[in-house]
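Colleague:
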Amino acid sequence: MRNVLTIMRRELGAYFVSPVAYVILTFFLFIVGYFFLALVLQYSEASLRVASNPSWANQLNLHDIVIRNFFSTFGVIMLFVAPILSMRILAEERRLGTAEMLLTSPISSGQLVLGKYLGALGFGVVMLLMSFVYPLYLLLAGAPLEMKPLVAVYLGTLLMVGAFLAVGLLGSSVSANQIVAAIIGFTTCLFFWVVGFLGDVGGGAGEYSGFLKGLSIAEHYEDFLKGVIDTGSVVFYLTFIFFCLFLTQRVIDSSRWR
Amino acid sequence: MIEVERLSKDFGGRAAVKDVSFKVGRGEILGFLGPNGAGKTTTMRILTCYMPASQGTARIAGFDVFEQSMEVRRRIGYLPENPPLYDDMTVRSYLDFVSRIKGVPGRQVSGRIDAVSAKCGLTEVLPRIIGHLSRGFKQRVGLAQALVNDPPVLILDEPTVGLDPAQIVEIREVIKGLAGEHTVIFSTHILPEVTATCSSVVIINYGEVVRYGPLSELAAGDTGRQRLHLQVARDEQAVSEGLLSLPGVHAVGPDGARAGAYVVTAEASNDLRERIAREIVQKGWGLLEITPVTQSLEDIYLTLTGRTGEGMGRAAA
Chain P
5 MRNVLTIMRR
15 ELGAYFVSPV
25 AYVILTFFLF
35 IVGYFFLALV
45 LQYSEASLRV
55 ASNPSWANQL
65 NLHDIVIRNF
75 FSTFGVIMLF
85 VAPILSMRIL
95 AEERRLGTAE
105 MLLTSPISSG
115 QLVLGKYLGA
125 LGFGVVMLLM
135 SFVYPLYLLL
145 AGAPLEMKPL
155 VAVYLGTLLM
165 VGAFLAVGLL
175 GSSVSANQIV
185 AAIIGFTTCL
195 FFWVVGFLGD
205 VGGGAGEYSG
215 FLKGLSIAEH
225 YEDFLKGVID
235 TGSVVFYLTF
245 IFFCLFLTQR
255 VIDSSRWR
Chain U
667 MIEVERLSKD
677 FGGRAAVKDV
687 SFKVGRGEIL
697 GFLGPNGAGK
707 TTTMRILTCY
717 MPASQGTARI
727 AGFDVFEQSM
737 EVRRRIGYLP
747 ENPPLYDDMT
757 VRSYLDFVSR
767 IKGVPGRQVS
777 GRIDAVSAKC
787 GLTEVLPRII
797 GHLSRGFKQR
807 VGLAQALVND
817 PPVLILDEPT
827 VGLDPAQIVE
837 IREVIKGLAG
847 EHTVIFSTHI
857 LPEVTATCSS
867 VVIINYGEVV
877 RYGPLSELAA
887 GDTGRQRLHL
897 QVARDEQAVS
907 EGLLSLPGVH
917 AVGPDGARAG
927 AYVVTAEASN
937 DLRERIAREI
947 VQKGWGLLEI
957 TPVTQSLEDI
967 YLTLTGRTGE
977 GMGRAAA
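First to last, the sequence lines map onto chains P and U. For what it's worth, my numbering labels the leading residue of the first sequence as 5, then goes sequentially. For what it's worth, my numbering labels the leading residue of the second sequence as 667, then goes sequentially.
1. Confirm, please, whether the CB-CB distance from V683(U) to T708(U) is below 7 Å.
2. Would you say L7(P) faces chain U, with C-beta separation under 7 Å as the test?
3. Under 7 Å Cβ-Cβ, which residues of chain P neighbour M667(U)?
4. For A845(U), which three-state DSSP category applies?
5. Rounded to whole angstroms, what is the Cα-Cα separation between L764(U) and Q811(U)?
6. Looking at the C-beta of L118(P), does it have a partner C-beta in chain U at a distance below 7 Å?
7. Is DSSP giving G777(U) helix, strand or coil here?
8. Pull up the DSSP beta-bridge partners for T957(U), would you.
9. What number of angstroms, rounded off, separates the C-alpha of L857(U) from the C-alpha of A925(U)?
10. In three-state terms, what does DSSP make of H224(P)?
11. Within 7 Å of any Cβ in chain P, is that where the Cβ of M978(U) sits?
12. Please report the Cβ distance between A167(P) and S176(P), rounded to the nearest whole angstrom; I am assuming they are in contact, meaning their Cβ atoms lie under 8 Å.
13. Using 8 Å as the cut-off, can you tell me whether the stretch 760-777 of chain U makes contact with the stretch 822-837 of chain U, which would need three or more C-beta pairs spanning the two stretches below that distance?
14. Under 8 Å by Cβ, that's how I've got S866(U) and L881(U) pegged, so tell me the actual separation to the nearest angstrom.
15. Would you say I767(U) lies against chain P (beta-carbon separation less than 7 Å)?
16. Take D257(P) and list the residues in its own chain whose beta-carbon comes closer than 6 Å to its own, dropping the five residues that flank it on each side.
17. So which residues of chain U does I111(P) contact, with C-beta pairs closer than 7 Å?
18. What's the call for D762(U), buried or exposed, on a 16-neighbour Cβ count within 10 Å?
19. Within 10 angstroms of the Cβ of E733(U), are there 16 or more other Cβ atoms? Answer buried if so, exposed if not.
20. For W60(P), count neighbouring Cβ atoms within 10 angstroms of its own Cβ and tell me buried if that reaches 16, exposed if not.
21. Return the first residue and the last residue of the beta strand (DSSP E) that T863(U) is part of.
22. Taking 7 Å as the threshold (C-beta atoms), are V947(U) and L953(U) in contact?
23. Counting only beta-carbon separations shorter than 7 Å, does S22(P) have a partner in chain U?
24. Counting only C-beta atoms, is R98(P) closer than 7 Å to chain U at any point?
25. Anyone know if the C-beta pair for Y752(U) and T714(U) falls short of 7 Å?
26. Does G79(P) have its Cβ less than 7 Å from a Cβ in chain U?
27. How many Å lie between N748(U) and G101(P) at the Cα?
28. Which class does E874(U) belong to by DSSP, given the choice of helix, strand or coil?
29. Got a sec, what are the start and stop residues for the beta strand (DSSP E) D685(U) sits in?
30. Just reading off the alpha helix (DSSP H) that K217(P) is part of, what are its end residues?
31. Can you list, in chain order, the residues of its chain with a C-beta nearer than 7 Å to that of V738(U)? Leave out the 5 residues immediately preceding and following it.
32. Tell me the rounded alpha-carbon separation between P817(U) and V24(P).
33. Quick one: what does DSSP say D823(U) is sitting in, helix, strand or coil?
34. For I183(P), does the count of other Cβ atoms within 10 angstroms reach 16, so buried, or fall short, so exposed?
35. Where does S906(U) sit, in a helix, a strand or coil, going by DSSP?
36. Let me know if K152(P) comes out buried or exposed under the rule of 16 or more other beta-carbons within 10 Å of its beta-carbon.
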């Protein structure tokens, strides 16, 4: 455990000793802030319409209009950001030659992978915490924001970011080239994001609709966005993450034999 | 302390290391010598548990590098050919990280960092970012990294490459200072390095050990012959004939283009050397100089690795 924490601390620290963390956080907050602004304006316009026609009032829900769409966008942005966060994790170790030091140190490859993953996830958590300024803004403004669905949304987003980073880590383990690692991570994430689409097309794929949607990161995320914590979705994400980390550990071990 | 037995490593059918065996006793320094691509790095990577051998065994402090890898890894310090450094970190935070993953107890970390940085001359650069350091300092940080958990065995892959002469001497002194407490293997293709620091030598070429033994034995050679350099005042035809007629003298030839200079190949014995000297004096050839030619490590190396360059033909004796 101590080894895992040591690796994790360095990994998380590595984002902050280089400009990476600051560049990503700045642009990320700017983009999601822009979406937030658009959504809040949309909500205030809807409020005006309700004021003139009170029968629409039950359709006016802050969570559905702002929070849900905000985090839906958040998910898509993370689809791009997560592979960038994870691409260097192992690829850089190989390029710098530090992999040789890590793999000859008295730590197991499992501890290495777990530490690396938690470091990256730590940065994901920092991003999530930073994004909380926007819901906080609503709360401070006295908006009728429900807390329980918000917790579900945050849990779902954390799990989804966790899944993206696990895929990215796997991508980073197979190549010493960061660009290659990012491409593998991004395309794999994208595939699991859109894999459910085929189920909607009908035709031959219709039969497998349930199966395909069950594999989709986006479909499971939808549940959380509605404000529901579905155990099935939690299990899906945790299994997904575990499987990616397991494969990463196998890749590292097998690299010794090549 | 280190026992290597019939170690082999294939990379997809191409043998990088073949049947390598050697032993290093506690506190000794072994020089691992060979041209680039001879299999030095591969052997070291097997010893440090970075990759498994295809055949053969290696034991460090009694632990098998494959079966008891964790025990071995706890006992070694390894400096790979390219020092494994994170350019973004400061020297201190880097050494802190390495000492923790190498299992130095939390309370001792700071003390160990101070100790190794003093030993490697890094005290002044501890707060600096590694990426901004010169090549020589980076190499020293790499060495400090290998030493930080005070391992009994050190494996250093070309620790002096890319350093300037003054730095080479410094690093060499550090390595020499490690002998006794630590068992050291270090590889190099710079020969004076070995003469200056090692107690024994393994010369490896195309993956095979071509010579292995204590430095003193290697330098003496084991051919049972000696070579003498002679300089006489009067160069006469009789000199070579006269010397050749002595029992035990195998060959007499001119040494370079100088008049009166000869190289004598003879049985290795001091009596014979005395005989030769007396013979020259008695015949009145005018003995100016008689020097035994010891084979330098360089000669041995070039002969054994068969990579004699132009103008180095004298080694081919």
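Heads up, the beta-carbon is just placed ideally off N, CA and C, and yes, glycines get one too. Please read these numbers as outputs of a predicted model, since none were measured by experiment.
Modeller: From the atom records:
1. On the second sequence, residue 708(U) is found 42 positions in, with the first residue counted as 1. On the second sequence, residue 683(U) is found 17 positions in, with the first residue counted as 1. Yes, they are a contact pair.
2. As a first step, residue 7(P) is located in the first sequence; it is residue number 3 there, counting from the start. Sequence check: residue 7(P) is Asn here, not Leu. Closer than 7 Å to some Cβ of chain U, the Cβ of N7(P) qualifies, so yes.
3. Here residue 667(U) refers to the residue found at position 1 of the second sequence. The contacting residues do not exist; M667(U) stays about 17 Å from chain P at best.
4. Within the second sequence, residue 845(U) is the residue found at index 179, counting from 1. Here A845(U) sits in strand by DSSP.
5. Position 98 of the second sequence, counting from 1, holds the residue named residue 764(U). Position 145 of the second sequence, counting from 1, holds the residue named residue 811(U). Note on identity: in this sequence residue 764(U) is Val, with Leu being the wrong assignment. So the alpha carbons of these two residues sit roughly 7 Å apart.
6. Mapped onto the first sequence, residue 118(P) falls at position 114. No, because no Cβ of chain U sits closer than 7 Å to the Cβ of L118(P).
7. Position 111 of the second sequence, counting from 1, holds the residue named residue 777(U). Looking at G777(U) - three-state DSSP - the assignment turns out to be helix.
8. Counted from its first residue, the second sequence places residue 957(U) at position 291. According to DSSP, T957(U) bridges with H895(U).
9. Against the second sequence, residue 857(U) aligns to sequence position 191. Against the second sequence, residue 925(U) aligns to sequence position 259. Straight-line Cα distance between these residues: approximately 32 Å.
10. Here residue 224(P) corresponds to residue number 220 of the first sequence, with the count starting at 1. Helix at H224(P).
11. To locate residue 978(U), count along the second sequence from 1; it is residue 312. Confidence is the limiting factor: at M978(U) the pLDDT is only 38, short of 50, which leaves the residue's position unreliable, though a coordinate-based value still follows. No, no contact with chain P.
12. Here residue 167(P) is taken as the residue at index 163 of the first sequence, counted from 1. Here residue 176(P) is taken as the residue at index 172 of the first sequence, counted from 1. About 15 Å separates the two Cβ atoms, so there is no contact after all.
13. no
14. In the second sequence, counting from the first residue as 1, residue 866(U) sits at position 200. In the second sequence, counting from the first residue as 1, residue 881(U) sits at position 215. With 8 Å as the limit, S866(U) and L881(U) qualify as a contact, their Cβ atoms being about 6 Å apart.
15. On the second sequence, residue 767(U) is found 101 positions in, with the first residue counted as 1. Closer than 7 Å: yes.
16. In the first sequence, the residue the question calls residue 257(P) occupies position 253. So the list reads S113, once near-sequence residues are dropped.
17. Taking the first sequence and counting its residues from 1, one reaches residue 111(P) at position 107. Those are I767, listed as they occur along chain U.
18. Along the second sequence, read from residue 1 onward, the residue named residue 762(U) stands at position 96. Under this definition D762(U) is a buried residue.
19. Working through the second sequence from its first residue, we reach residue 733(U) at position 67. Under this definition E733(U) is an exposed residue.
20. Mapped onto the first sequence, residue 60(P) falls at position 56. Flag for W60(P) reads exposed.
21. Here residue 863(U) corresponds to residue number 197 of the second sequence, with the count starting at 1. Not the beta strand (DSSP E): T863(U) falls in the alpha helix (DSSP H), residues 857-863.
22. On the second sequence, position 287 is the one that residue 953(U) refers to. On the second sequence, position 281 is the one that residue 947(U) refers to. Yes, Cβ-Cβ distance for L953(U) and V947(U) is below 7 Å.
23. As a working note, residue 22(P) is residue 18 in the first sequence. Yes, contact with chain U.
24. Numbered from its first residue, the first sequence carries residue 98(P) at position 94. Answer no: the Cβ-Cβ gap between R98(P) and chain U never drops below 7 Å.
25. Within the second sequence, the letter at position 86 stands for residue 752(U). Within the second sequence, the letter at position 48 stands for residue 714(U). No, these two residues do not count as a Cβ contact at 7 Å.
26. Locating residue 79(P) in the first sequence gives position 75, counting from the first residue. Judged by the 7 Å Cβ criterion, G79(P) is not in contact with chain U.
27. In the second sequence, counting from the first residue as 1, residue 748(U) sits at position 82. In the first sequence, counting from the first residue as 1, residue 101(P) sits at position 97. Those two C-alpha atoms are separated by around 7 Å.
28. Your numbering for residue 874(U) matches position 208 in the second sequence. Looking at E874(U) - three-state DSSP - the assignment turns out to be strand.
29. On the second sequence, residue 685(U) is found 19 positions in, with the first residue counted as 1. From DSSP, the beta strand (DSSP E) with D685(U) extends over 680-690.
30. The residue you call residue 217(P) lines up with position 213 of the first sequence. Here the alpha helix (DSSP H) through K217(P) covers 213-219.
31. Working through the second sequence from its first residue, we reach residue 738(U) at position 72. If we look at V738(U) and ignore the five residues flanking it on each side, its Cβ neighbours are C715, I726, F729, V731.
32. As a first step, residue 817(U) is located in the second sequence; it is residue number 151 there, counting from the start. As a first step, residue 24(P) is located in the first sequence; it is residue number 20 there, counting from the start. Using only the alpha carbons, I get a separation of about 35 Å.
33. As a working note, residue 823(U) is residue 157 in the second sequence. Of the three classes helix, strand and coil, the one that applies to D823(U) here is strand, per DSSP.
34. Taking the first residue of the first sequence as 1, we reach residue 183(P) at position 179. By the 10 Å Cβ count, I183(P) comes out exposed.
35. Here residue 906(U) is taken as the residue at index 240 of the second sequence, counted from 1. Note: S906(U) maps to helix in three-state DSSP.
36. Sequence index remark: in the first sequence, residue 152(P) carries index 148 (1-based). K152(P) comes out exposed.
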